[in-house]
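Numbered as in the numbering used here, the sequence shown ends at 389 without a single skipped number.
We put the beta carbon where it would ideally sit given N, CA and C, even for glycine.
Since the structure comes first, as structure tokens, the remarks are kept for the end.
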Amino acid sequence: MATWLSNLFRPRINAIGLEIGGANIKAVDLGANHQLLNYAQRPTPPGLLQDGLVGDPEALGEELRALHKELRTRKKQVVTALANDVTVVRVIRVPKMSEKELEEAIPWEAERYIPFPIDEVVLDYALLDDPEEIEDQGEMEVLIAAAREETVMQLVEVLNSAGLEPVVIDLKPFAGLRPLEGQLKPEEEEGANPITLYLEVGHTATSLVLLKGERPLLSRSIGIAGKEFTQAIARSFNLPMEEAEEVKREYALATLSTEDEEALLDFGEVEQGRPTPSDIYAAIRPVLIDLSTEVRRSLEFFSAQGETQTPDQAFITGGGSKLKGLKGVLSDVLGIHFNDVNPWAALKVDTGRFEPGLLEDAAAEFTVPVGLALRGVSRVG
Ligand SMILES: Nc1ncnc2c1ncn2[C@@H]1O[C@H](COP(=O)(O)OP(=O)(O)OP(=O)(O)O)[C@@H](O)[C@H]1O
Ligand SMILES: [Mg+2]
């Protein structure tokens with residue numbers, strides 16, 4: 009059985025973090041002591057990715073080459089991740105057994121959670137419990153990750169065609185947690201570890217992770233993110249996606265503004281016939297409801313498993329989270345205060361070289377690629 013998260017590990021790696029996202033292809037290059045050497049992004053050309061798979065390998069290869077050039081690094085090794093919709097990530101329960109037994113049993117234990125034939129997948133897992141601490145008839149929790157072998161091979165081939173060498177294929181939801189490590193509430197005594205909710209709203213998908221202390225309780229991908237909002241605007245006002253994107257960024261507000269607020273918004277540039285904020289709100293409202301419902305369901309699912317408390321802290325990131333008012337709506341609906349993630353805070357940044365304003369603008373989009381890059385400069389084994 010191939011262990012795709014780990015079989016490419018070296019004791020020490022020195023790799024670029026690379027995220028091939030539905031809207032943006034992003035890379036981060038780190039040096040010693042997590043110093044930011046460079047970062048770059050290019051918009052993902054339409055049609056390049058289809059349902060998380062590579063639609064046009066040649067064009068993607070070219071984009072990757074161009075991005076790599078912008079980074080101005082000699083490094084060829086990359087840590088990257090598959091799209092959420094082509095991976096299965098679950099926390100599963102298995103009977104108590106030794107680590108050795110688990111290694112043999114994992115394909116059978118995992119099979120029923122994986123929607124592809126087990127002999128066509130690459131599967132990796134991490135044991136979350138110490139078998140020695142579990143009572144005899146008890147169960148232990150295992151994090152499993154699986155993807156079709158074909159999908160992984162396709163990604164590896166495209167990277168190779170761009171002169172890049174993948175050393176780790178990571179999971180987006182967990183990569184994005186890495187820059188947060190310093191900001192998580194500290195672990196408390198046994199049983200009282202804080203619950204953290206992490207939401208990364210990208211373009212094609214939203215990753216949701218619940219942690220207890222540093223232990224994953226739940227990881228889900230929700231197929232509602234920035235693209236859904238743009239599509240809703242495009243449909244309602246019969247606009248091409250590029251224009252709808254512009255309308256979303258400039259004028260969309262996830263809360264219904266009062267007439268007074270509308271008057272205060274700067275519409276100097278708006279030509280006649282441009283949708284008003286309340287029209288736009290009406291267009292995106294169903295998407296807002298779907299997204300908050302999905303998040304609430306995940307929290308309910310988790311409460312139903314016996315963990316009753318609401319999260320002690322919550323973080324939101326990803327480009328899609330920049331939709332004005334989104335954080336407020338989610339906070340209201342879920343009764344949780346959301347903090348932004350500043351991935352750059354996990355790095356040493358020379359502000360003489362990198363303009364703080366630009367870094368701040370790109371923070372939400374760069375949480376995942378910074379997390380991938382952090383994996384690329386750490387010791388693994
Ligand atoms: N100011 C803004 N207001 C609203 N949405 C924004 C804003 N800036 C960026 N976005 C949205 O963020 C999304 C891009 O974010 P990001 O780069 O995190 O996605 P991605 O990594 O390419 O996608 P994915 O990982 O889901 O495949 C787009 O949907 C874009 O419309
Ligand atoms: Mg992304």
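Worksheet entry | Three-state class that DSSP yields for E147 in the structure shown | The sequence position of residue 147 within the sequence shown is 139, counting from 1. The answer is strand: DSSP assigns E147 an E or B state.
Worksheet item: Under a three-way DSSP split, which group does N15 fall into?
Response: Counted from its first residue, the sequence shown places residue 15 at position 7. Since pLDDT at N15 reaches only 42, below the 50 mark, its modelled position is unreliable, and the value read off the structure follows with that caveat. In the displayed model, N15 falls within coil according to three-state DSSP, outside both helix and strand.
Discussion item. Can you tell me whether N92 is helix, strand or coil according to DSSP?
Written reply: Locating residue 92 in the sequence shown gives position 84, where the first residue counts as 1. In the three-state DSSP reduction, N92 falls in the helix class (H, G or I).
Item to complete: Name all residues in chain order for which at least one heavy atom of ligand 1 lies closer than 5 Å to the residue's CB.
Response: Per the Cβ criterion, the list is G29, G30, A31, N32, G210, H211, T212, A213, G234, R257, G326, G327, G328, K330, L331 and E373.
Worksheet item: Out of curiosity, what's the CA-to-CA distance linking G276 and L342?
Response: Working through the sequence shown from its first residue, we reach residue 276 at position 268. Working through the sequence shown from its first residue, we reach residue 342 at position 334. Only weak support exists for where G276 lies, its pLDDT of 49 falling under 50; the value from the coordinates is given anyway. Note on geometry: alpha-carbon atoms of G276 and L342 lie some 35 Å from one another.
Item to complete: Measure the CB-CB distance between A183 and A89 and report whether it falls below 8 Å.
Response: For this step, residue 183 is matched to residue 175 along the sequence shown. For this step, residue 89 is matched to residue 81 along the sequence shown. A contact, by the Cβ cut-off of 8 Å.
Discussion item. Tell me the rounded alpha-carbon separation between T95 and T238.
Written reply: By 1-based counting over the sequence shown, the position of residue 95 is 87. By 1-based counting over the sequence shown, the position of residue 238 is 230. Straight-line measurement puts the Cα of T238 at about 24 Å from the Cα of T95.
Worksheet entry | Paired residues, beta bridge with D132 - DSSP | Counting from one through the sequence shown, the residue named residue 132 turns up at place 124. Beta-bridge pairing links D132 to A153.
Discussion item. Quick check on this structure: which residue in A40, G171, Y206 and E368 has the alpha carbon closest to the alpha carbon of V86?
Written reply: Indexing the sequence shown from 1 puts residue 86 at position 78. Out of A40, G171, Y206 and E368, G171 has the C-alpha closest to the C-alpha of V86.
Practice prompt. List the whole-angstrom C-beta distance separating A2 from L216, where the pair is believed to meet the contact cut-off of C-beta under 8 Å.
Written response: Residue 2 lies beyond the stretch modelled for the chain, which goes from 9 to 389, so this question has no answer here.
Discussion item. Measuring alpha carbon to alpha carbon, tell me which residue in G25, P115 and K77 is nearest A153.
Written reply: The count along the sequence shown starts at 1 and reaches residue 153 at position 145. When G25, P115 and K77 are compared, the shortest CA-CA separation from A153 is found for P115.
Discussion item. Pairs of beta-carbons, one from the segment 63-77 and one from the segment 41-55, closer than 8 Å: are there three or more?
Written reply: Contact between the segment 63-77 and the segment 41-55 is present, because at least three Cβ pairs lie under 8 Å.
Worksheet entry | Residues that DSSP places opposite A48 in a beta bridge | Position 40 of the sequence shown, counted from the first residue, corresponds to residue 48. A48 is bridged by DSSP to A35.
Item to complete: Locate the alpha helix (DSSP H) running through P202, then write down its first and last residues.
Response: The residue labelled residue 202 in the question sits at position 194 within the sequence shown. Unbroken run through P202: none, as it is neither H nor E.
Worksheet item: Mind checking P283: buried by the 16 CB within 10 Å criterion, or exposed?
Response: Numbered from 1 along the sequence shown, position 275 holds the residue referred to as residue 283. With 16 or more other Cβ atoms within 10 Å, it is buried.
Worksheet item: Between E173 and the rest of its own chain, which residues show a CB-CB distance below 6 Å, the 5 nearest in sequence each way excluded?
Response: Your numbering for residue 173 matches position 165 in the sequence shown. Excluding sequence positions up to five before and after E173, its CB lies within less than 6 Å of the CB of K84 and Q85, all in the same chain and listed in chain order.
Worksheet item: Do you know offhand how far E27's Cα is from Q145's?
Response: As a position in the sequence shown, residue 27 is number 19, starting the count at 1. As a position in the sequence shown, residue 145 is number 137, starting the count at 1. Distance between the alpha carbons of E27 and Q145: 42 Å.
Practice prompt. Name the residue from A31, I241 and G327 whose alpha carbon lies nearest to the alpha carbon of A252.
Written response: Your numbering for residue 252 matches position 244 in the sequence shown. Distances from the CA of A252 to each of A31, I241 and G327 were compared; the closest alpha carbon is that of I241.
Discussion item. As a quick exercise: from R82, L131 and A372, pick the residue whose alpha carbon is nearest that of P351.
Written reply: Taking the sequence shown and counting its residues from 1, one reaches residue 351 at position 343. Out of R82, L131 and A372, A372 has the C-alpha closest to the C-alpha of P351.
Item to complete: Look at Y206 and L226 and say whether their C-beta atoms are less than 8 Å apart.
Response: As a position in the sequence shown, residue 206 is number 198, starting the count at 1. As a position in the sequence shown, residue 226 is number 218, starting the count at 1. Annotated as distal: Y206 and L226, with beta-carbon spacing of 8 Å or more.
Worksheet item: Beta-carbon separation of L307 and P224 under 8 Å?
Response: Position 299 of the sequence shown holds residue 307. Position 216 of the sequence shown holds residue 224. Contact: no.
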